[in-house]
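Contents: one structure, followed by commentary.
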Amino acid sequence: MVEVITKNSDETKKIAAQICTKLKSGNVLALQGDLGSGKTTFTQGLAKALGVKSRVLSPTFTILRQYKIENSKFSTLNHLDCYRVSGPSDLESLDILNLCGQPNSLTIIEWPERIACILPKTTLKISFETLEGQQRKIILPEELKI
27 MVEVITKNSD
37 ETKKIAAQIC
47 TKLKSGNVLA
57 LQGDLGSGKT
67 TFTQGLAKAL
77 GVKSRVLSPT
87 FTILRQYKIE
97 NSKFSTLNHL
107 DCYRVSGPSD
117 LESLDILNLC
127 GQPNSLTIIE
137 WPERIACILP
147 KTTLKISFET
157 LEGQQRKIIL
167 PEELKI
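The sequence shown begins at 27 in my numbering and counts up by one.
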């Protein structure tokens, strides 16, 4: 595991952009951390670096947002937020098992602990912790070391 400290949201987005080169088709990223710890900000930085043109918002109420990606090794960014989910059965209509790991896609899941039992074993876990002020601690797996 690799720890990175960011001083503000711009730095959090920059870290996300830097790991883009390490991501592979079908990757699933599980973003863990308390409310306001930087998960959506990180996702916004990643999406921008991948070439997502539309505004990236938290899917807290919709649970899933999908973004088309142009000029990238990915064609789709799947962004799930499981904050309002009580368990995997809440996601049956989304067919989450088929969504995760699709070729040419990248799936980002906020609050993954609520559906941990159905996540692929290859899921890459990234942890976020709020420090003083705008500072965040981001813990990356070795595969995403920057």
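Beta carbons are placed, not taken as given, at the ideal position from N, Cα and C, and that holds for glycine.
Assignment of Lys-151 by DSSP, reduced to helix, strand and coil, places it in the strand class. The continuous alpha helix (DSSP H) containing Ala-73 extends over residues 65-76.
Residue state for Asp-116 is assigned as helix, using DSSP reduced to three classes. The C-beta separation of Leu-106 from Ile-95 comes to about 16 Å, leaving the pair out of contact by the 8 Å criterion. For the 9 Å CB-CB criterion, Glu-155 and Lys-163 form a contact.
Note that the C-beta distance between Lys-33 and Gln-160 is below 9 Å. For the pair Ala-73 and Tyr-93, the CB atoms are nearer than the 9 Å cut-off.
In the DSSP assignment, Glu-37 falls within the alpha helix (DSSP H) that extends over 35-45. For the options Leu-166, Ile-152, Thr-47, the alpha carbon positioned closest to that of Lys-99 is the one of Thr-47. Rounded to whole angstroms, the gap between the alpha carbons of Val-30 and Ala-43 is 14 Å.
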